[in-house]
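Please read the structure below before turning to the comments.
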Amino acid sequence: MKTTQLILKCYARYEEGQWIAFCLDFDLAAQASTFEEAKTKLENMIKEYVFDALVGEDREYAEQLLTRKAPLLEWLKYYFYVVIHAKVGLYRLFKEPLPLTPYNQARI
6 MKTTQLILKC
16 YARYEEGQWI
26 AFCLDFDLAA
36 QASTFEEAKT
46 KLENMIKEYV
56 FDALVGEDRE
66 YAEQLLTRKA
76 PLLEWLKYYF
86 YVVIHAKVGL
96 YRLFKEPLPL
106 TPYNQARI
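Its first residue numbered 6, the sequence shown is counted upward by one per residue in this note's numbering.
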């Protein structure tokens, strides 16, 4: 596994009074009224998603779940935002490390 595969590409955009945060590598999204809240929700969603795929109830589908990507349009938006990153404040790029420890030890 390459180290770049351990970092998940994410972004958030402000739309109609809400921040929507996306994880492109797993096609996950969360929304909230603030950027920090949406990012935190997405981080928790990623941790639980990886836990379920690796050791939880969905482990028999791990290969499909861990290789599921967002649609091309979302990737294009992400790279568009990368190009104009310094120009607009209605979106934010961020990267999340792939969780490598179980999300909740009590669940094991």
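Think of the CB as a built atom: it goes at the ideal place given N, C-alpha and C, for glycine as much as any other residue.
8 Å Cβ cutoff met for residue i and residue j
i, j, result
"P102", "I12", "yes"
"A75", "F27", "yes"
Same chain only: Cβ atoms within 8 Å of residue i, ignoring 5 sequence neighbours per side
i, result
"Y16", "A26, F27, L29, K82, Y83, Y86, Y96, R97, L98, F99"
Straight-line gap, residue i to residue j (C-alpha atoms, nearest Å)
i, j, result
"D57", "D63", "5 Å"
"L33", "V60", "19 Å"
"A37", "V55", "22 Å"
"E48", "V88", "24 Å"
"E53", "K14", "17 Å"
"E21", "M50", "22 Å"
"Y19", "E65", "36 Å"
"E68", "F31", "12 Å"
"A43", "T72", "23 Å"
Spatial neighbours of residue i in its chain, beta-carbon cut-off 6 Å, leaving aside the 5 residues before and after
i, result
"Q23", "Q36"
Close beta carbons around residue i, own chain, < 7 Å, minus the five adjacent residues each side
i, result
"E79", "F27, L29"
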